[in-house]
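Per our numbering: the sequence shown = residues 10 to 345. So the structure is just underneath, and the comments pick up after that.
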Amino acid sequence: MNDEAHGAHGPRKAHQAHETRTAHDGPTARDARDAQSAYEERHFEELVRKLMTDDAYTIHPSPAPYPAIRRRGVAERRRRVAAVGAALAAIVTVPAAAYAVVGGNGGGGADTATPMSSVSAPQSASAAASASGPARPATDGQLLDGITFDEATKALQECLTAEHVARVVGKDAGKAENYRIILAAKSTGDSNSPGDGVHVVGVAQRPAGFRVICDVKDGVSAGISTSTQDGLTSAARPVVPDDNAGGLYRQSLIDKGRWKLPYRWASIGTVDPSVAEVTVSYGGSDATAALDHGWFVAAGILNQQVTRAPHIKGFDAAGKQVYDSDTDRTYDKTLP
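This is how it looks when you write it as structure tokens:
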């Protein structure tokens, strides 16, 4: 009986022991596999992060398909210009301001700016826009980099037509004869907008203070920037840099730290009648801006990478400093 019992219980105990070992060994094996999988996943993530870090500055985007991008962007630009048009509906018409520019023509060397005579007299008949086209700049020095007035005129007309300014802003804003061309200069292509071209800046008689910056490449409009500066200056802020004209002095954020040099830059804005002189420092060089009908603009050639925006100062007739962009809380002093 005992032998039978022993015989009966022996296999049962062995089976139970096997089950116990299996139950114990199963989760341990799974834990090991899970741990190995987690380790491999962490190792893979670390490898990917390292590869991304190592290649961050070696990856160069292929040239953007500009024609397709432009077609897709037309609708967005129309919406932006339409928004400006709505804002301008409440503006009271006053005499339009004009720009003047300082700076040598293009080239790879340093650009030595020569002060230009300030113009404060009202517009003369000869300076007014003709019925067939825009008015000429106050000085020939406003046409930079070998660009002729006829070329600047064609670029402005192409831009106003292609960007449908008359439809979204107003009839007058779409007429080239309503503008004075105050700057024409080379534009440098970047990863966001490949290919060099021409910047043409014009200020309209109507609506007052309305200005356009047209970017034209190979005779075709590549975009437009619009803004209004009317009535922004005051005794407390006698110099007002154009916050929407950053495209004149900086390249694409995509190319930060890798700008194409040399680079033609310009800085523009409005001034109070009490301001007699404006100076602009950028990239280690200084330029004296010209003052023309309430606007200032300075230009030069940049030969180094920069992280600071142009430093602008204004002075009254006695030589007293009345404005410094470093103390202007509304001015972005660091480039994005």
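Backbone N, C-alpha and C fix where the C-beta goes; we use that ideal spot for every residue, glycine too.
Can you tell me whether residue i is buried or exposed? The criterion is at least 16 other CB atoms within 10 Å of its CB, across all chains shown.
i: residue 263; result: exposed
i: residue 164; result: buried
i: residue 123; result: Reliability fails at residue 123, whose pLDDT of 36 lies under 50, so the model's placement of it is uncertain and the value that follows must be treated cautiously. Under this definition residue 123 is an exposed residue.
Measuring only the C-alpha atoms, how far is residue i from residue j?
i: residue 337; j: residue 181; result: 34 Å
i: residue 279; j: residue 168; result: 24 Å
i: residue 183; j: residue 219; result: 11 Å
i: residue 249; j: residue 234; result: 18 Å
i: residue 252; j: residue 161; result: 23 Å
i: residue 290; j: residue 296; result: 6 Å
i: residue 174; j: residue 247; result: 30 Å
i: residue 171; j: residue 232; result: 9 Å
i: residue 227; j: residue 236; result: 25 Å
i: residue 206; j: residue 339; result: 31 Å
i: residue 345; j: residue 258; result: 12 Å
i: residue 288; j: residue 298; result: 6 Å
i: residue 329; j: residue 186; result: 39 Å
i: residue 273; j: residue 215; result: 29 Å
i: residue 305; j: residue 149; result: 16 Å
If residue i sits next to residue j, beta carbons under 8 Å apart, how far is it from one beta carbon to the other, in whole angstroms?
i: residue 225; j: residue 209; result: 7 Å
i: residue 222; j: residue 266; result: Going by Cβ atoms, the distance from residue 222 to residue 266 rounds to 24 Å, so no, they are not a contact pair.
With a threshold of 6 Å on Cβ separation, who are the neighbours of residue i within its own chain once the five nearest residues in sequence on each side are excluded?
i: residue 333; result: 322
i: residue 254; result: 277
i: residue 188; result: 143, 211, 213
i: residue 292; result: 311, 313, 315
i: residue 294; result: 309
i: residue 242; result: 249, 279, 281
i: residue 141; result: none
i: residue 201; result: 261, 263
i: residue 286; result: 324
Cβ of residue i within 8 Å of Cβ of residue j?
i: residue 284; j: residue 331; result: yes
i: residue 307; j: residue 343; result: no
i: residue 261; j: residue 199; result: yes
i: residue 147; j: residue 325; result: no
i: residue 191; j: residue 151; result: yes
i: residue 275; j: residue 239; result: no
i: residue 327; j: residue 281; result: no
Once the 5 residues before and after residue i are set aside, which same chain residues still bring their CB inside 8 Å of it?
i: residue 269; result: 197, 198, 199, 260
i: residue 145; result: 136, 158, 189, 190
i: residue 156; result: 193, 194, 195, 207
Does the ligand GTP have even one heavy atom less than 7 Å from the beta-carbon of residue i?
i: residue 258; result: The ligand GTP is not part of the structure shown, which contains no ligands of any sort.
Taking 7 Å as the limit between beta carbons, can you name the residues of its chain near residue i, skipping five residues before and five after?
i: residue 335; result: 320, 342
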